[in-house]
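Chemist:
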Amino acid sequence: LRFAATTAVFGQPEIKLGIIPGYGGTERLVRLIGLARATEYLLTGEHIPAERAHALGLVNRVCDPASLLNETLAFCSLIERMPPLAVTSILRCTHGAHPFDGYLEAHEFGKLCSSHDFKEGMKAFLEKRQPNFRGC
Numbered sequence: 764l765r766f767a768a769t770t771a772v773f774g775q776p777e778i779k780l781g782i783i784p785g786y787g788g789t790e791r792l793v794r795l796i797g798l799a800r801a802t803e804y805l806l807t808g809e810h811i812p813a814e815r816a817h818a819l820g821l822v823n824r825v826c827d828p829a830s831l832l833n834e835t836l837a838f839c840s841l842i843e844r845m846p847p848l849a850v851t852s853i854l855r856c857t858h859g860a861h862p863f864d865g866y867l868e869a870h871e872f873g874k875l876c877s878s879h880d881f882k883e884g885m886k887a888f889l890e891k892r893q894p895n896f897r898g899c
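When you number the sequence shown by my numbering, it's gap-free, plus one each residue, and the end is 899.
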């Protein structure tokens, strides 16, 4: 479950550096918001404001920054009052329903880390200029 402040901004900007999100970022985003929408955000590196993230299903609730902690704690308190065995079973079922092996993403991430485009993307970012990607 994910709660966000109205001021939160999400994104996977790695493509702008010539690389892909690592550590499950691509696979998790597809699982959370669907293939077409995830592909759009992964290919463009576009930012996702909190309200849009909520509409996409990326976050469960959006709260005013001043009340974020209290609303999150109130939700936790609600769950705490539920039957523990049922809560545990639901979490096992829902979290086990989408296994993530990470092999493909780790393989691709490793390839890209040694590419010219990644080095150029990082250099351009640090120099605050547009990158010149060559596809190698």
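Think of the CB as a built atom: it goes at the ideal place given N, C-alpha and C, for glycine as much as any other residue.
Grouping DSSP H, G and I as helix and E and B as strand, with all else coil, what is isoleucine 783?
Modeler: Three-state result, isoleucine 783: coil.
Chemist: Counting only the same chain and skipping the five closest in sequence on each side, list residues whose C-beta sits under 6 angstroms from that of aspartate 880.
Modeler: Result list for aspartate 880: Gly781, Phe896, in chain order.
Chemist: Just checking, does the region 781 to 793 make contact with the region 868 to 883 on the three C-beta pairs under 8 angstroms criterion?
Modeler: Touching, per the Cβ criterion.
Chemist: Ignore the nearest five residues each way along the sequence and tell me which others in leucine 795's own chain have a CB closer than 7 angstroms to its CB.
Modeler: Same-chain partners within the cutoff: Gly820, Leu821.
Chemist: Per DSSP, cysteine 826 is paired with what?
Modeler: Cysteine 826 is bridged to Ala768.
Chemist: Please state the DSSP three-state secondary structure of proline 812.
Modeler: Here proline 812 sits in strand by DSSP.
Chemist: Do valine 825 and alanine 837 have their CB atoms nearer than 8 angstroms?
Modeler: No.
Chemist: Enumerate in chain order the residues of its own chain whose CB-to-CB distance from alanine 750 is below 6 angstroms, with the five nearest sequence positions on each side excluded.
Modeler: This structure does not reach residue 750, given that the chain is present from 764 up to 899, and the question cannot be answered.
Chemist: Is the distance from the Cβ of glutamate 809 to the Cβ of glycine 774 below 8 angstroms?
Modeler: Yes, the pair counts as a contact, with Cβ atoms nearer than the cut-off.
Chemist: Taking buried to mean at least 16 other C-beta atoms within 10 Å of its own C-beta, is threonine 789 buried or exposed?
Modeler: Classification for threonine 789: buried.
Chemist: By DSSP, does phenylalanine 896 sit in helix, in strand, or in coil?
Modeler: It is coil, neither helix nor strand.
Chemist: Report all residues from its chain with a CB closer than 6 angstroms to the CB of glutamate 834; omit the five preceding and five following residues, and keep chain order.
Modeler: So the qualifying residues of the chain are Cys826.
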